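In terms of our numbering, the sequence shown opens at residue 68 and continues consecutively.
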Amino acid sequence: MNGGVPSKKLNETLLNILDDLESDSNLLDNSDNIKYIISLLGA
68 MNGGVPSKKL NETLLNILDD LESDSNLLDN SDNIKYIISL LGA
């Protein structure tokens, strides 16, 4: 993030993840996927 504003690349990555989850919610069964999403969100 730059000054509290997410980068365009980060937004695109998160949008792609949401699209993938819309198609296959079983992706959340993989703990590595969850960890990756959390790391992107900075949580």
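Ideal Cβ positions, reconstructed from N, Cα and C, are used throughout, including at glycine.
The structure presented is a predicted model; accordingly, all values stated were derived computationally and were not measured.
Cα-Cα separation between residue 75 and residue 103, rounded to whole angstroms: Taking the sequence shown and counting its residues from 1, the one referred to as residue 75 is at position 8. Taking the sequence shown and counting its residues from 1, the one referred to as residue 103 is at position 36. Cα to Cα, residue 75 sits roughly 18 Å from residue 103.
Consult DSSP for residue 99 and reduce its assignment to one of helix, strand or coil. Taking the sequence shown and counting its residues from 1, one reaches residue 99 at position 32. DSSP places residue 99 within a helical segment (H, G or I) once states are collapsed to three.
Can residue 107 and residue 77 be called in contact, C-beta distance under 9 Å? Within the sequence shown, numbered from 1, the residue matching residue 107 stands at position 40. Within the sequence shown, numbered from 1, the residue matching residue 77 stands at position 10. It is a contact, given that the beta carbons lie within the stated cut-off.
First and last residue of the uninterrupted alpha helix (DSSP H) at residue 82: In the sequence shown, residue 82 corresponds to position 15, counting from 1. Here the alpha helix (DSSP H) through residue 82 covers 75-90.
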